[in-house]
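Residue numbers (this note's numbering): 72 to 400.
Just so you know, even glycine gets a beta-carbon here, dropped at the ideal spot from N, CA and C.
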């Protein structure tokens, strides 16, 4: 979900549909011009965000699973001009290379840094997870590009031979949550583990976050993954979950609609479902509280609206947008 300046929101749907939803909750017909997506397994139309200068240029950015030859696919990002019922000037500005024959672990979230560079989170594509450590592959990485898709000259691996110059950080499994800290401007991400090992991180330039060499989780078969949980030269998570919450979507709350919640980090959970609230002290989590489990809904996204309320997007055949309001005393 991405809020437009007039209070409407853009909402992506997995099969490749983009809709405009009014403040009253009325959805439009699908917006024309969305790129073709690989809508299989975990693939489809993923994130949407507005250009930092949207009011002047009307540009939006979409991440999606892009089909390739012979059943392959990869995470891609397209830029377009939002013309209400259609997208104009659609241009692909990033493609995860190489594309892989797999339907899993595409990521992906789009976050604009304060310098207007675009940070893109991606998954390890599941079947080639060891390539998350390979800097010549795009899988399992956060990448950083300019708004036209070019490489910022201060990226950490610029000039290094055999390395994708767009890479910002590596050794990630499947990042489906990302946001900027409202005070520091640092990127924070949520990353799926396997059985256990969901991670909260704040990826920094050039650093290795360990997957699949180190992890706090185990494979779905129960078999140990990698070399353990700690290794020199690889970063530790800020916080991790075992059992998992299956995170997807996150935001630091900056409003005043919920007394005592300002500065807290909110994360959507798909398993067991609901909304997770983390109280923070600097870079440390001091308390965790869970809400809305009784809905039995997979929460795919969490955003703060211009009215200061939190909005949730559920993941199902009858997906809903939910507005979170304080309970009456």
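Could you name the residues of the same chain whose beta carbon sits closer than 6 Å to that of residue i, not counting the 5 residues immediately before and after it, in chain order?
{"i": "residue 363", "result": "345 and 346"}
{"i": "residue 121", "result": "73 and 131"}
{"i": "residue 195", "result": "176, 203, 210, 211 and 244"}
{"i": "residue 368", "result": "344 and 385"}
{"i": "residue 412", "result": "For the chain, the structure presents residues 72 to 400; residue 412 sits outside this window and is missing."}
Check whether the Cβ atoms of residue i and residue j sit closer than 7 Å, and answer yes or no.
{"i": "residue 199", "j": "residue 171", "result": "yes"}
{"i": "residue 373", "j": "residue 326", "result": "no"}
{"i": "residue 341", "j": "residue 261", "result": "no"}
{"i": "residue 81", "j": "residue 105", "result": "no"}
{"i": "residue 216", "j": "residue 165", "result": "yes"}
{"i": "residue 309", "j": "residue 354", "result": "yes"}
{"i": "residue 301", "j": "residue 269", "result": "no"}
{"i": "residue 274", "j": "residue 221", "result": "no"}
{"i": "residue 182", "j": "residue 249", "result": "yes"}
{"i": "residue 174", "j": "residue 115", "result": "no"}
{"i": "residue 227", "j": "residue 276", "result": "yes"}
{"i": "residue 123", "j": "residue 187", "result": "yes"}
{"i": "residue 160", "j": "residue 152", "result": "yes"}
{"i": "residue 380", "j": "residue 348", "result": "no"}
{"i": "residue 110", "j": "residue 140", "result": "no"}
{"i": "residue 319", "j": "residue 391", "result": "no"}
Along the chain, where does the beta strand (DSSP E) that runs through residue i open and close?
{"i": "residue 153", "result": "144 to 153"}
{"i": "residue 127", "result": "No beta strand (DSSP E) holds residue 127; the alpha helix (DSSP H) holding it covers 125 to 128."}
{"i": "residue 81", "result": "80 to 84"}
{"i": "residue 318", "result": "318 to 323"}
{"i": "residue 239", "result": "238 to 241"}
{"i": "residue 247", "result": "246 to 251"}
{"i": "residue 108", "result": "Element bounds for residue 108: n/a, residue is neither H nor E."}
{"i": "residue 392", "result": "392 to 395"}
{"i": "residue 302", "result": "Note, residue 302: premise wrong, no beta strand (DSSP E); not H, not E."}
{"i": "residue 118", "result": "116 to 121"}
{"i": "residue 183", "result": "181 to 183"}
{"i": "residue 214", "result": "212 to 216"}
{"i": "residue 190", "result": "189 to 192"}
{"i": "residue 310", "result": "310 to 312"}
So, at 8 Å on beta carbons, what are the nonlocal neighbours of residue i in its own chain, with the 5 sequence-adjacent residues on each side left out?
{"i": "residue 193", "result": "146, 167, 177, 178, 179, 209, 210, 211, 212, 213, 214, 243 and 246"}
{"i": "residue 94", "result": "78 and 79"}
Note down the Cα distance separating residue i from residue j, rounded to an integer number of angstroms.
{"i": "residue 129", "j": "residue 298", "result": "48 Å"}
{"i": "residue 358", "j": "residue 313", "result": "15 Å"}
{"i": "residue 99", "j": "residue 142", "result": "32 Å"}
{"i": "residue 232", "j": "residue 238", "result": "13 Å"}
{"i": "residue 88", "j": "residue 77", "result": "21 Å"}
{"i": "residue 191", "j": "residue 280", "result": "16 Å"}
{"i": "residue 235", "j": "residue 203", "result": "12 Å"}
{"i": "residue 385", "j": "residue 395", "result": "13 Å"}
{"i": "residue 137", "j": "residue 163", "result": "10 Å"}
{"i": "residue 366", "j": "residue 360", "result": "16 Å"}
{"i": "residue 265", "j": "residue 311", "result": "12 Å"}
{"i": "residue 352", "j": "residue 158", "result": "42 Å"}
{"i": "residue 197", "j": "residue 184", "result": "28 Å"}
{"i": "residue 112", "j": "residue 350", "result": "34 Å"}
{"i": "residue 131", "j": "residue 317", "result": "27 Å"}
{"i": "residue 15", "j": "residue 201", "result": "For residue 15 there is no data in the structure shown, the boundaries of the chain being 72 and 400."}
{"i": "residue 225", "j": "residue 207", "result": "18 Å"}
{"i": "residue 189", "j": "residue 400", "result": "42 Å"}
{"i": "residue 382", "j": "residue 393", "result": "6 Å"}
{"i": "residue 92", "j": "residue 79", "result": "6 Å"}
{"i": "residue 292", "j": "residue 107", "result": "34 Å"}
{"i": "residue 251", "j": "residue 343", "result": "26 Å"}
{"i": "residue 90", "j": "residue 84", "result": "8 Å"}
{"i": "residue 271", "j": "residue 259", "result": "7 Å"}
{"i": "residue 256", "j": "residue 335", "result": "15 Å"}
{"i": "residue 387", "j": "residue 103", "result": "23 Å"}
{"i": "residue 205", "j": "residue 283", "result": "11 Å"}
{"i": "residue 323", "j": "residue 337", "result": "6 Å"}
{"i": "residue 169", "j": "residue 307", "result": "28 Å"}
Which one or two residues does DSSP pair with residue i in a beta bridge?
{"i": "residue 98", "result": "92"}
{"i": "residue 265", "result": "267"}
{"i": "residue 375", "result": "381"}
{"i": "residue 222", "result": "Beta-bridge pairing links residue 222 to no other residue."}
{"i": "residue 348", "result": "337 and 360"}
{"i": "residue 157", "result": "103"}
{"i": "residue 171", "result": "144"}
{"i": "residue 279", "result": "241"}
{"i": "residue 254", "result": "Answer by DSSP bridge pairing: none, since residue 254 is not bridged."}
Apart from the five residues on each side of it in sequence, which residues of its chain come closer than 7 Å, Cβ to Cβ, to residue i?
{"i": "residue 285", "result": "297, 298, 299, 300, 301, 302 and 305"}
{"i": "residue 437", "result": "There is no way to answer for residue 437, as the model of the chain reaches only from 72 to 400."}
{"i": "residue 376", "result": "74 and 382"}
{"i": "residue 101", "result": "88, 89 and 90"}
{"i": "residue 287", "result": "264, 267, 268, 300, 311 and 313"}
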